[in-house]
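Peer 1: Residue numbers (numbering that gives the first Met the number 0): 0 to 405. Beta carbons are placed, not taken as given, at the ideal position from N, Cα and C, and that holds for glycine. Since we're looking at a predicted model, the values are computed, not measured. I'd like to ask some things about the structure below.
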Amino acid sequence: MSAVPPGAEPRGEDACTILHVDMDAFYASVVIRDHPELRSRPVVVAGGNERGVILCATYPARAYGVHSAMPVARARRLCPDLVVVSPDFGAFAQVSTAVLDAFARVTPEVEALSQEEAFLDVRGSRRHAGRPREIAERLRAQIHDEQRITCSVGMAATRSVAKLASRRAKPDGIAAIPPEDVTRVLAPLDAGDLWGVGEKTRDRLRRIGLETVGDLVATPLALLQATLGQSAGAHVHALAHGRDPGGPSPKFAAHERARSMGADRTLEADLSSYDDVLVELLRLTVKVTSRMRGSGFAARVVTVRLRYPDRTTVTRSRTLADPSDVTHDLYAAVVGIYDEQCGRDGGVRAVRLVGVRVSGLQRSAGLQPQLRLGEPDRGWSDADRAVDRVRERFGKHAVSPATLLG
């Protein structure tokens, strides 16, 4: 294993100590891993009805112009042979946890952006893991061998440039942008390609004739600040020069990454029955709490999202007395939130989308459940875990609440 000589200043790829590892079409790749007969087909992961929105599309589907956040109905018009597969969030969480475990064995400096991508700072890993490219190659091989999915790795000296590099690496590759090449590589890119420059900012830049990153580099900071504001101008100026705005971001351990978990469903037909809405909320609560327990988290905050036929969307939250991963407890909070909203609406109102999200997540290991007077020693929590074990062995549909049967 080669290494940079002690005391030598890293150059070229050896200076690319920030890795951005991004799973290739993550949700779809996990689905195809478990259904290899779909490998060459155009596949999307989405809700099972035409009003659903696509979470992820395979590369064969993208060739038709299909992409994430697109309605399923529109995607079918672009690709009549499209295969729509429902998401398995439990499987996604398991793969994500295993991948982050692999990252944590290389370096404790891991910053997860989502289930499918993370930054790794490998400056302190040279002695035991080698040069950055060697680490990237080893991680890609490990993820492929253990999880049977592929990933792409961008290498750079800063997070913002590493993010750009991973786009150049897709799919299933490695791309490095050393510090001495940053200006040359970034200059011809559209200003909107910079990580953190949104569509509105790009439009404002275009109105004053700034189209490319090279244009931004040639523009004085004062002009950018006059156009975008003090903070946003400085932000864009730093990105254009390959720097991370505000300096290095705080890192955190891989397993402390989660901020929230949730699921929602766009309904095939609007629901106007109180009991029917509760059934859908129960279905989502069961899905979310199962994911929580599989990932080892308990939640302190429960949120319900409702969208009405006129596209008005309301979001209501409730904080639990104690963190919980018990379906019974969280569903009780969900029902309470929905009842309060019905009161605000003056009665049951037709609904076209329902969602349940949990946040304020804590590691469930070591948490002591709050005992209540008169309750048995074993109860809903033990039942949940028994159901989890049955589903793990016989499949996710092996056991369901009676309300959801049929």
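Decide if residue 31 is buried, meaning its Cβ has at least 16 other Cβ atoms within 10 Å, or exposed.
Peer 2: On the sequence shown, position 32 is the one that residue 31 refers to. Buried, since its Cβ has 16 or more Cβ neighbours within 10 Å.
Peer 1: Out of curiosity, what's the CA-to-CA distance linking residue 139 and residue 119?
Peer 2: Here residue 139 is taken as the residue at index 140 of the sequence shown, counted from 1. Here residue 119 is taken as the residue at index 120 of the sequence shown, counted from 1. Going from the Cα of residue 139 to the Cα of residue 119 covers about 13 angstroms.
Peer 1: Is the region 200–220 in contact with the region 271–289, if contact means three or more CB pairs nearer than 8 angstroms?
Peer 2: Contact fails: fewer than three Cβ-Cβ distances are below 8 angstroms.
Peer 1: I'd like to check one pair, residue 315 with residue 339: are the Cβ atoms closer than 8 angstroms?
Peer 2: Here residue 339 refers to the residue found at position 340 of the sequence shown. Here residue 315 refers to the residue found at position 316 of the sequence shown. Yes, these two residues count as a Cβ contact at 8 angstroms.
Peer 1: Can you list, in chain order, the residues of its chain with a C-beta nearer than 6 angstroms to that of residue 254? Leave out the 5 residues immediately preceding and following it.
Peer 2: Counting from one through the sequence shown, the residue named residue 254 turns up at place 255. Any reading at residue 254 must be qualified, since the residue scores a pLDDT of 41, below 50, and its modelled position is unreliable; no value is offered.
Peer 1: How far does the alpha helix (DSSP H) with residue 288 in it extend, from its first residue to its last?
Peer 2: Here the question's residue 288 lines up with position 289 in the sequence shown. 273–294 is the extent of the alpha helix (DSSP H) around residue 288.
Peer 1: Kindly identify the DSSP beta-bridge partner or partners of residue 325.
Peer 2: As a working mapping, residue 325 is identified with position 326 in the sequence shown. BP columns for residue 325 are empty, so no partner.
Peer 1: Contact check, residue 24 vs residue 58 under 8 angstroms by CB: the rounded distance?
Peer 2: As a working note, residue 24 is residue 25 in the sequence shown. As a working note, residue 58 is residue 59 in the sequence shown. Confirmed, Cβ separation roughly 6 angstroms.
Peer 1: If you drop the 5 nearest sequence neighbours on each side, which residues of the same chain put their C-beta closer than 8 angstroms to that of residue 53?
Peer 2: Position 54 of the sequence shown holds residue 53. So the list reads 43, 44, 45, 65, 66, 67, 68, 69, 70, 71 and 74, once near-sequence residues are dropped.
Peer 1: At which residue ranges does the region 47–80 contain complete beta strand (DSSP E) runs of 3 or more residues, listed in the order of the chain?
Peer 2: 53–56, all fully within the region 47–80.
Peer 1: Taking contact to mean 3 or more Cβ pairs, one atom from each stretch, closer than 8 angstroms, check whether the region 190–199 and the region 218–227 are in contact.
Peer 2: Too few Cβ pairs lie closer than 8 angstroms, so no.
Peer 1: So residue 265 is in the beta strand (DSSP E); what residue range does that whole segment cover?
Peer 2: Position 266 of the sequence shown, counting from 1, holds the residue named residue 265. Unbroken beta strand (DSSP E) run through residue 265: 259–270.
Peer 1: From which residue to which residue does the beta strand (DSSP E) around residue 151 run?
Peer 2: In the sequence shown, counting from the first residue as 1, residue 151 sits at position 152. Where residue 151 is concerned, the enclosing beta strand (DSSP E) stretches over 150–155.
Peer 1: State the Cα-Cα distance for the pair residue 284 and residue 384, rounded to the nearest angstrom.
Peer 2: The residue given as residue 284 occupies position 285 in the sequence shown. The residue given as residue 384 occupies position 385 in the sequence shown. Approximately 15 angstroms between the Cα atoms of the pair.
Peer 1: So, residue 186 versus residue 174, is the Cβ gap smaller than 8 angstroms?
Peer 2: As a position in the sequence shown, residue 186 is number 187, starting the count at 1. As a position in the sequence shown, residue 174 is number 175, starting the count at 1. No, the Cβ-Cβ distance between residue 186 and residue 174 is not below 8 angstroms.
Peer 1: What residues match up with residue 118 in a beta bridge as DSSP calls it?
Peer 2: Numbered from its first residue, the sequence shown carries residue 118 at position 119. DSSP lists 19 and 110 as partners of residue 118.
Peer 1: I'd like the list of long-range same chain contacts for residue 96, defined as Cβ closer than 7 angstroms, with 5 residues on each side in sequence excluded.
Peer 2: Taking the sequence shown and counting its residues from 1, the one referred to as residue 96 is at position 97. The residues are 294.
Peer 1: With 16 other CB atoms within 10 Å as the buried threshold, where does residue 342 fall?
Peer 2: Residue mapping note: residue 342 aligns to position 343 of the sequence shown, counting from 1. When all chains shown are included, residue 342 counts as exposed.
Peer 1: Can you tell me whether DSSP reads residue 160 as helix, strand or coil?
Peer 2: On the sequence shown, residue 160 is found 161 positions in, with the first residue counted as 1. Reduced to three states, the DSSP call for residue 160 is helix.
Peer 1: Could you tell me which of 238, 27 and 349 sits nearest to residue 220, measuring between CA atoms?
Peer 2: Indexing the sequence shown from 1 puts residue 220 at position 221. When only C-alpha atoms are compared, the closest one is 238.
Peer 1: Taking residue 234 as the reference, give the member of 193, 167, 347 and 61 with the closest Cα.
Peer 2: As a position in the sequence shown, residue 234 is number 235, starting the count at 1. The residue with the shortest Cα to Cα distance from residue 234 is 193.
Peer 1: By how many angstroms is the C-alpha of residue 90 removed from the C-alpha of residue 260?
Peer 2: Position 261 of the sequence shown, counted from the start, is the residue given in the question as residue 260. Position 91 of the sequence shown, counted from the start, is the residue given in the question as residue 90. One C-alpha to the other measures close to 14 angstroms.
Peer 1: Taking only the alpha-carbon atoms, compute the straight-line gap between residue 28 and residue 358 and give it to the nearest angstrom.
Peer 2: The sequence position of residue 28 within the sequence shown is 29, counting from 1. The sequence position of residue 358 within the sequence shown is 359, counting from 1. Cα to Cα, residue 28 sits roughly 27 angstroms from residue 358.
Peer 1: Between which two residues does the beta strand (DSSP E) holding residue 126 run?
Peer 2: Start at 1 with the first residue of the sequence shown, and residue 126 comes out as number 127. Careful: residue 126 lies outside any beta strand (DSSP E), inside the alpha helix (DSSP H) at 125–128.
Peer 1: Run through DSSP, which three-state label would residue 206 get?
Peer 2: Residue numbering aside, residue 206 sits at position 207 when the sequence shown is read from its first letter. It is helical.
Peer 1: Applying the criterion that 16 or more other CB atoms from any shown protein chain within 10 Å of the CB defines a buried residue, is residue 80 buried or exposed?
Peer 2: One-based indexing of the sequence shown puts residue 80 at position 81. Exposed, because fewer than 16 other Cβ atoms sit within 10 Å of the Cβ of residue 80.
Peer 1: Compare the beta carbon distance of residue 303 and residue 333 with 8 angstroms and say whether it is the shorter of the two.
Peer 2: By 1-based counting over the sequence shown, the position of residue 303 is 304. By 1-based counting over the sequence shown, the position of residue 333 is 334. Yes, these two residues count as a Cβ contact at 8 angstroms.
Peer 1: Just to confirm, are residue 105 and residue 146 a CB contact at a threshold of 8 angstroms?
Peer 2: Position 106 of the sequence shown holds residue 105. Position 147 of the sequence shown holds residue 146. Taking 8 angstroms as the Cβ cut-off, residue 105 and residue 146 do not qualify as a contacting pair.
Peer 1: Does the beta-carbon of residue 35 have 16 or more other beta-carbons within 10 angstroms, so that it is buried, or is it exposed?
Peer 2: Stepping through the sequence shown from its first residue, residue 35 is reached at position 36. Exposed, by the Cβ-count rule.
Peer 1: With DSSP as the reference, label residue 212 as helix, strand or coil.
Peer 2: The sequence position of residue 212 within the sequence shown is 213, counting from 1. If DSSP states are grouped into helix, strand and coil, residue 212 belongs with the helices.
Peer 1: Excluding the five sequence neighbours on either side, which residues of its own chain have a C-beta within less than 6 angstroms of the C-beta of residue 178, listed in chain order?
Peer 2: Here residue 178 refers to the residue found at position 179 of the sequence shown. The answer, listed in chain order, is 14 and 156.
Peer 1: Residue 287: which of 317, 320 and 324 sits nearest, CA to CA?
Peer 2: Taking the sequence shown and counting its residues from 1, the one referred to as residue 287 is at position 288. Checked all of 317, 320 and 324; the closest Cα to residue 287 is 324.
Peer 1: At the level of alpha carbons, what is the spacing between residue 301 and residue 94?
Peer 2: Within the sequence shown, numbered from 1, the residue matching residue 301 stands at position 302. Within the sequence shown, numbered from 1, the residue matching residue 94 stands at position 95. Each residue's Cα considered, the two are about 25 angstroms apart.
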